[in-house]
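Below is one structure; the comments refer to it alone.
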Amino acid sequence: GGDTARRAQPVAQKSRSWCRLRDPLSVVLERTLPSAEKHYWSLFCLSVVLIAVASYLMVDATERMGQILTIDEMAMGLVFLAAGTSIPDALG
21 GGDTARRAQP VAQKSRSWCR LRDPLSVVLE RTLPSAEKHY WSLFCLSVVL IAVASYLMVD
81 ATERMGQILT IDEMAMGLVF LAAGTSIPDA LG
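Start counting the sequence shown at 21; every next residue gets the next number (my numbering).
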């Protein structure tokens, strides 16, 4: 009984460590965003701000890449941004 619990603990700890290495953004968000139980309005506002910042960075990076590759902004917007926002929905 107790021997099995001792063996399971390092496996759970190893799994948690792997998740932190694999998904550092989740770790950062868990440590910086407030809990949803008490601070739901501030969590909502911070989420909106983070989405706005991520959207700005995505558009800016796409525009810069288009300038480097000499691709028209309209083509970059229609192809890359549309695909970049639709593919996660198709895979999910």
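We put the beta carbon where it would ideally sit given N, CA and C, even for glycine.
- Apart from sequence neighbours up to five positions away, the residues of its chain that approach residue 93 with a beta-carbon distance below 8 Å are 83, 86, ordered along the chain.
- Residue state for residue 93 is assigned as helix, using DSSP reduced to three classes.
- Counting along the chain, residue 74 sits inside the alpha helix (DSSP H) bounded by residues 60 to 88.
- Distance from the CA atom of residue 37 to the CA atom of residue 45, rounded to whole angstroms, is 14 Å.
- In the structure shown, residue 50 falls within a helical segment according to DSSP collapsed to helix, strand and coil.
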